[in-house]
Amino acid sequence: MKPIIITGAYGVGKSEFATQWALQHAPCVLADFDIINPYFRPREETDWLATQGVTIVGSMIKHHVNQDLPAFSGDIRGVIAKGLPLIIDCAGSENGLKPLATFMDVLEGSEVWLVVNANRPESFFDQIEPMIDLFESRSALTITGLVHNTHLLDLTDPPMILNAQATLEKEAQRLGLPIVMTMVDARLDLHPEQFANPILVFDRLILRSDWMKGTTL
Amino acid sequence: MAKILMKGNEAIAQAAVSAGCEAFFGYPITPQNELIEYMAKYLAKNNGVFVQAESELAAINMVYGAAGAGARVMTSSSSPGIALKQEGISYCAGAELPVVIVSVSRGGPGLGGILPSQADYNQATRGGGNGDYKVMVLAPNGVQEATELVRKAFELAEKYRNPVMVMADGIIGQMMEPVEINPEPLPPVDRPWAAEGQRGRAQRNVVNSMNLDAYKLEQHNRDLQAKYERMEREDVMYETVQTDDADVLLVAYGTPSRIVKSAIATLREQGIKAGLFRPKTLLPFPSKQLKAAAQGKQFVLVAELSLGQMLVDVKLAIEGTVPVHFYGRTGGVIFEPSEIVDAVKSHRKGD
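Going line by line, the protein sequences match chains A and B.
According to the working numbering, the first sequence holds residues -3 to 213 in order.
According to the working numbering, the second sequence holds residues 936 to 1286 in order.
As structure tokens, then:
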């Protein structure tokens, strides 16, 4: 299995997707390579993920998950050498991909999935093509697929996802890229047969506390 | 405008741009960097001025200069950075300049940590600058309210010719939420005091916080105090949730108030009637309203992401009429709703 690199604009749900994907493909390794923003990173759930068969490799030293270190762990080479299933969660924007150049000798040929959310200003679908140009030119990587993650947290409803999916399908076809997966909250009345591509159904958000839901009782 | 998904720092910045902020001066610090980054990207596109200063001291003094010249101006920082800006904030208060300061606070003291905290309540409401001055402090509980209070901060700064601080904890800065930002710029206000050229006036305007005449300086201070009293009369903001039938009153502000709301729901399921009093203005503090809300309750529990700072204002407000207890976590640790539930139960008579 090729390593999967997850990229996209800030705040489109890359880490949540990478974490949910890892949970559904355990045992596997989730490389938390976000060295830009020290909040809401998969490494915060290192201990719990370990109980689920997901090993975190990150830039932290031991269990100090809140270190703000601009560094990557070389452990990633061992993971790739052993051929373990690996998903790499990068920081947002083209800058999140740049440091991967250090590992390009072993990452060549990886899947590179761009996560998009029609409700995030920097990820509106008319931005996908320029974003791909920018990301590829800065990283020497080639985007190989799109992950559809349109949501508005608790305000997400099925039409929101289905409408965005239809728009994205046209855009993906125009760009010659597959939609590799669509993220779907299990509470929504949506089913695999409504999508031409696989869907990733999740029960709860891993990187967001329950109290962050609505502001009213 | 439809709701979109934004990170608190971005939404705060966009709210300022939409409100008509003309100039921003800042210096990077976690956890508010996206705010500065957003301003760098979008303020110039809206004919504004963005400068990344060489330090926090430089930034706040640029704010002083731009406000003195009549611009609608903002800066932002986080705890140690706000500490560095205190001298300049006192100067802005002394010179009666309308400026907006956003504080996205993190754990302290000193460099502390980069995770959310409310240990800068005293820093915001008491300040570290010199003199008898006050800064209005607004405390949102989420991303949507942060955008509304940033807009409100510009209005209040201009109403009172005074610095207004929007105090968000690191969670608000970093969390994503659906938002709808008011796109209408605030109307321009007359600034006949601004140092923007003589423009036919008999005397040129001088923006200054120094006055070597003791009697004049005393009068200036009395005028400032009258202004602060007016803030308390006219612009106190707070929210109450299920307080009327409550036996126990919880007091919290910012994102922790949402954790407390979750705890209240659990407590009520267990037959314990709890309610929330949430100050939205930390200065002026809603003292009278809190005292009234607390009357007849078994006790008050203050919950903060600090080891007890707003607690002092709560005790001052309640004047010993009701017992006041406290629960806090600090250093970047965020309490869970269950901790608040347990804290309430531990103080209940007979439980």
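All C-beta atoms in this analysis are idealised placements derived from N, C-alpha and C, irrespective of residue type, glycine included.
Q. With DSSP run on the structure shown, which of helix, strand or coil describes B:Gly1267?
A. coil
Q. According to DSSP, is B:Met1145 helix, strand or coil?
A. coil
Q: Leaving out five residues on either side along the sequence, give the residues of the same chain with a beta carbon under 7 Å from the beta carbon of A:Asn62.
A: Pro34
Q.
Less than 8 Å between the beta carbons of A:Glu90 and A:Leu130, yes or no?
A. yes
**Q.** DSSP three-state assignment for B:Arg1041, whether helix, strand or coil
**A.** Looking at B:Arg1041 - three-state DSSP - the assignment turns out to be strand.
Q.
Does B:Arg1136 pass the burial test, meaning 16 or more other C-beta atoms within 10 Å, or should it be called exposed?
A. exposed
(Q) Per the DSSP calculation, B:Leu1211 is bridged to which residue(s)? (A) B:Val1176, B:Leu1185
Q) Considering only residues of the region 148 to 178 of chain A, which uninterrupted alpha helix (DSSP H) runs meet the minimum length of 4 residues and lie entirely inside it, listed in chain order? A) Fully enclosed alpha helix (DSSP H) runs of 4 or longer: 154 to 171.
**Q.** Supposed contact pair B:Leu1091 and B:Val1101 - C-beta distance, whole angstroms, cut 8 Å
**A.** Rounded, the Cβ-Cβ distance is 10 Å, inconsistent with contact.
Q: Identify, in the order they occur along the chain, each residue of the same chain with its Cβ nearer than 6 Å to the Cβ of A:Ile76, setting aside the five sequence neighbours on each side.
A: Val102
Q) Are at least three pairs of beta-carbons, each pair with one atom in the region 1025 to 1043 of chain B and one in the region 992 to 1008 of chain B, less than 8 Å apart? A) yes
Q: For the region 99 to 119 of chain A, enumerate the residues whose C-beta is nearer than 7 Å to any C-beta of chain B, in chain order.
A: Asn113, Asn115, Arg116, Pro117
Q: Express the C-alpha separation of B:Glu957 and B:Asn982 in angstroms, rounding to a whole number.
A: 7 Å
Q. Is it true that the CB of B:Met1111 sits closer than 8 Å to the CB of B:Met941?
A. yes
Q. Measuring CB to CB, does A:Thr152 end up less than 8 Å from A:Asp199?
A. no
Q. According to a CB-to-CB cut-off of less than 9 Å, which residues of the region 1106 to 1136 of chain B neighbour chain A?
A. Residues of the region 1106 to 1136 of chain B with a C-beta atom less than 9 Å from some C-beta of chain A are Ile1106, Gly1108, Gln1109, Met1110, Met1111, Glu1112, Pro1113, listed in chain order.
**Q.** CB contact check: A:Leu96 to chain B, cutoff 8 Å
**A.** no
Q.
According to DSSP, B:Lys942 sits in a beta bridge with which residue or residues?
A. B:Met1111
Q) Can you list the residues of chain B that A:Gly54 reaches, using a CB-CB cut of under 7 Å? A) Residues of chain B passing the Cβ test: none, with the nearest at roughly 16 Å.
(Q) Is the separation between the beta-carbon of A:Glu40 and that of A:Leu201 shorter than 8 Å? (A) no
Q: Consider the Cβ of A:Thr211: report whether some Cβ of chain B lies at a distance smaller than 8 Å.
A: In this prediction, A:Thr211 scores a pLDDT of 46, lower than 50, which makes its location untrustworthy; the coordinate-derived value is nonetheless stated afterwards. Answer yes: the Cβ-Cβ gap between A:Thr211 and chain B drops below 8 Å somewhere.
Q) What are the start and end residues of each continuous alpha helix (DSSP H) run of 4 or more residues lying completely inside the region 954 to 987 of chain B, in chain order? A) Listed in chain order, the complete alpha helix (DSSP H) runs (minimum 4 residues) inside the region 954 to 987 of chain B are 968 to 977.
Q: Can you say whether A:His144 is buried or exposed, counting buried as having 16 or more other CB atoms within 10 angstroms of its CB?
A: buried
Q: Buried or exposed for B:Ser1281, please, with buried defined as at least 16 other CB atoms from any protein chain shown within 10 angstroms of its CB.
A: exposed
Q: Could you work out which residue in B:Leu1046, B:Ala1074, B:Cys1027, B:Val1078 is closest to B:Tyr1068 when comparing CA atoms only?
A: B:Cys1027
Q. Mind checking if A:Leu223 is an interface residue toward chain B, Cβ cutoff 8 Å exclusive?
A. Nothing about residue 223 of chain A can be reported from this structure: the residues present for chain A run from -3 to 213 only.
Q. Who does B:Ser1222 pair with in a DSSP beta bridge?
A. Beta-bridge pairing links B:Ser1222 to no other residue.
Q: Go ahead and pull the three-state DSSP assignment for A:Asp75.
A: Per the sequence shown, residue 75 of chain A should be read as Val rather than Asp. Secondary structure of A:Val75 (DSSP, three-state): helix.
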